[in-house]
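Chains as they are written, first to last, in UniProt numbering: chain A, 1 to 330; chain B, 1 to 330.
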DNA sequence: AATGTTGTGGTAAGCGCTTTCTAGCTGTCC
DNA sequence: GGACAGCTAGAAAGCGCTTACCACAACATT
């Protein structure tokens with residue numbers, strides 16, 4: 001392995017000078033800098049990130065914690081996130097939280113990353129607390145943690161839920177069901193909360209028997225819909241698009257026509273929602289910008305040692321009316 | 001920051017003893033080991049991965065190179081890959097190759113990872129070559145590289161393509177089109193190649209005008225289908241499911257009924273393919289096992305210094321007949 | 001002419017681990 | 001009872017960088 005020492009020898013300078021020259025330190029003359037550059041080039045020297053990290057106590061790596069990587073929702077979060085982090089000079093490490101705090105937190109706390117994006121926090125997770133205690137910068141993306149407050153980039157979930165409720169009321173629906181996300185996530189809670197508020201403002205009840213909850217995945221929607229149909233709702237609000245698409249498919253299987261027999265509304269407006277096959281009415285917000293913002297918040301937090309206030313960027317949702325909604329009763 | 005030195009002080013032992021005790025070195029007595037463990041616990045000490053890395057010249061990190069993270073195909077590769085790597089004690093770093101060799105390879109070669117999974121190699125990529133030169137272990141996942149041979153976990157793409165051709169021939173199709181993947185990927189090439197071979201064995205021509213190619217994404221299928229329909233094919237083979245689903249949606253938009261007016265066949269059998277909305281006839285293979293195998297191959301390569309032969313694990317594809325195929329002419 | 005000043009680059013130390021080498025202490029064996 | 005093996009754990013070195021500090025030359029300043 002080629003080290004800066006080898007480059008130094010070839011260039012006829014000391015090892016620290018190599019380090020300085022290659023990082024453009026002003027205190028090396030243009031001459032030696034060029035000499036060093038050429039030597040480095042000749043040996044195709046690549047500085048060891050580990051050496052640098054140990055010395056600077058910084059890794060230029062960001063951990064991203066998610067639950068289920070195969071969920072079609074995450075790529076749209078992870079993609080822009082990765083790119084934005086890269087733009088700021090950080091690399092991305094992926095972690096899944098499935099294994100819960102124990103192992104994960106060890107791996108997050110071993111100083112191999114400079115900060116963490118929590119895209120998956122449950123309300124009860126101890127992770128934010130732990131990170132705070134260790135002074136490892138973190139940001140909530142999309143969801144927020146329990147008690148801990150911290151930087152966060154989130155959409156106004158409650159408003160989103162309320163928008164859906166209002167639209168359903170406007171359309172004349174009265175028998176309404178809901179397939180919510182996990183109640184231990186703020187995303188799940190807030191969307192349902194807003195939805196409930198909106199409904200009750202319109203004088204519509206949402207009995208607990210018309211509500212199902214589960215992970216934000218296809219199966220949740222797919223399974224819940226059949227059960228909910230027994231109560232003959234005319235509309236179902238789903239905690240996110242992936243759940244909605246699960247429900248959509250269940251409807252297809254059961255011969256329930258959408259939107260004639262059933263109005264179906266999602267949340268997130270992932271690209272898939274606008275595919276002709278679904279053309280899903282849903283709550284839109286700028287997902288990519290959300291991810292990018294979280295990256296920016298985190299990077300700024302990392303690079304400003306001054307313990308600044310926690311910042312919370314709230315994205316505004318809007319309803320996208322496509323073709324899975326209609327007025328009830330043929 | 002708490003270091004092993006702090007733990008040593010508290011436990012009343014030397015710093016190296018802490019290192020030894022916590023890693024279960026046989027040469028520390030049960031007594032001191034326990035003492036150290038307790039001290040470490042009390043300080044909630046987490047060993048610095050960077051320190052360890054610098055000393056051992058190993059990072060327990062694997063780089064995974066993909067192109068487009070938001071492609072619905074990748075999660076099904078990355079998910080199992082992540083888990084299998086974790087099972088072997090490795091963590092995953094994500095890289096996108098978009099930025100081409102220059103930057104990426106620097107970041108891969110700075111010794112911050114122990115090996116690379118290439119899930120995205122194009123035939124012309126210089127990356128494999130570069131990795132080989134640097135003796136950085138790598139494995140091809142799903143695709144293979146150009147000249148370079150190396151460990152690889154791939155599906156028998158040619159056979160898959162051939163299976164589709166045979167089925168189309170059996171169904172009686174004669175006017176056939178193809179929306180292939182990028183011609184600079186082995187996946188794209190081999191699937192098309194097998195398809196062509198299969199067709200020509202059945203005496204069916206596939207004129208170049210009936211072929212479109214592009215990235216393995218939704219848009220490729222969505223856009224290509226309309227163009228191809230001018231030649232009035234009765235069947236279209238798509239380079240992968242994501243393309244097929246793009247084509248499916250274009251068909252929906254254009255009022256083309258599937259399978260009555262058009263047979264559509266994909267490749268990969270990603271979970272989405274079996275959703276009721278698509279119920280896509282496609283080529284199946286064990287995607288998760290493919291990813292897991294690549295992880296295993298890579299880990300074994302890393303951990304066996306003995307320059308073993310390159311190993312290539314070939315997965316067998318099979319045709320899954322669902323409901324997007326039929327015989328031509330109503 | 002003595003003192004600063006500036007520009008340049010070398011020396012040494014240190015980041016937090018692992019590992020080699022060595023030393024002390026038992027207990028054992030002839 | 002002295003040498004030797006077997007345990008256990010400390011001292012020291014080293015992994016590849018960065019950085020504080022210092023040395024030295026060349027030049028400007030008073």
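Note that beta-carbon positions come from the ideal geometry of N, C-alpha and C, so glycine has one too.
As the structure is a prediction and not an experimental result, all values here were calculated from the model.
- Here DSSP, grouped into helix, strand and coil, assigns residue 176(A) to strand.
- Residue 221(B): member of the alpha helix (DSSP H) spanning 218-229, first to last residue.
- Taking the CA atoms as reference points, residue 160(A) sits about 21 Å from residue 71(A).
- In this chain, the beta strand (DSSP E) harbouring residue 115(A) covers 115-118.
- The continuous alpha helix (DSSP H) containing residue 76(B) extends over residues 75-87.
- In the structure shown, residue 193(B) falls within a helical segment according to DSSP collapsed to helix, strand and coil.
- As the crow flies, the alpha-carbon of residue 30(A) is around 34 Å from that of residue 112(A).
- Among the residues facing chain B, residue 112(A) is included, as its CB has a counterpart in that chain under 8 Å away.
- Annotation: residue 269(A) to residue 214(B) spans about 26 Å, alpha carbon to alpha carbon.
- Annotation for residue 235(B): the continuous beta strand (DSSP E) segment containing it runs 235-238.
- Using beta-carbon distances, residue 48(B) counts as an interface residue toward chain A, with a partner under 8 Å.
- The same chain holds no residue with a CB closer than 6 Å to that of residue 24(A) once the five nearest residues on each side in sequence are set aside.
- For residue 264(A), the enclosing beta strand (DSSP E) has its first and last residue at 263-268.
- With a 10 Å radius around the Cβ and a threshold of 16 neighbouring Cβ atoms, residue 124(B) comes out exposed.
- A direct Cα-to-Cα measurement between residue 80(B) and residue 96(A) gives close to 11 Å.
- Rounded to the nearest whole angstrom, the C-alpha separation of residue 201(B) and residue 227(B) is 27 Å.
- By the neighbour-count criterion, in which a residue is buried when 16 or more other Cβ atoms sit within 10 angstroms of its Cβ, residue 16(B) is exposed.
- Judged by DSSP secondary structure, residue 291(A) falls within the alpha helix (DSSP H) whose first and last residues are 287-303.
- Contact annotation, residue 94(B) with residue 119(B): C-beta distance approximately 10 Å; criterion of less than 8 Å not satisfied.
- When secondary structure is reduced to three states using DSSP, residue 4(A) falls in the helix class.
- Around residue 39(A), the same chain offers 7, 10, 11 as residues with beta carbons nearer than 6 Å, after the five sequence neighbours per side are excluded.
- Remark: C-beta atoms of residue 251(B) and residue 290(B) do not approach each other more closely than 8 Å.
- Unbroken beta strand (DSSP E) stretches of 3 residues or longer found wholly inside the region 20-85 of chain A: 61-66, given in chain order.
- Taking C-beta separations shorter than 6 Å and ignoring five residues to either side along the sequence, the partners of residue 45(A) in its chain run 2, 7, following chain order.
- Excluding sequence positions up to five before and after residue 76(A), its CB lies within less than 6 Å of the CB of 270, 287, all in the same chain and listed in chain order.
- For a Cβ distance threshold of 7 Å, nothing in chain A lies close to residue 285(B): the least Cβ distance comes to about 16 Å.
- In the DSSP assignment, residue 94(B) falls within the unbroken beta strand (DSSP E) covering 91-96.
- When beta bridges are read from the DSSP output, residue 138(B) appears opposite 116(B).
- Not a single CB atom of chain B sits nearer than 8 Å to the CB of residue 138(A).
- If you look at residue 319(B), you'll find it in the beta strand (DSSP E) that goes 318-320.
- With contact defined as three or more Cβ pairs closer than 8 Å, the region 83-94 of chain A and the region 304-323 of chain A are not in contact.
- According to DSSP, residue pairing for residue 152(A) in a beta bridge involves 140(A), 312(A).
- Using a Cβ-Cβ cut-off of 8 Å, residue 15(A) is close to nothing in chain B; its nearest Cβ partner there is about 16 Å away.
- Residue 123(B): not part of any alpha helix (DSSP H); DSSP gives it neither H nor E.
- Looking at 276(B), 218(B), 192(B), the one whose alpha-carbon comes closest to that of residue 206(B) is 192(B).
- Taking C-beta separations shorter than 7 Å and ignoring five residues to either side along the sequence, the partners of residue 233(A) in its chain run 175, 176, 177, 210, following chain order.
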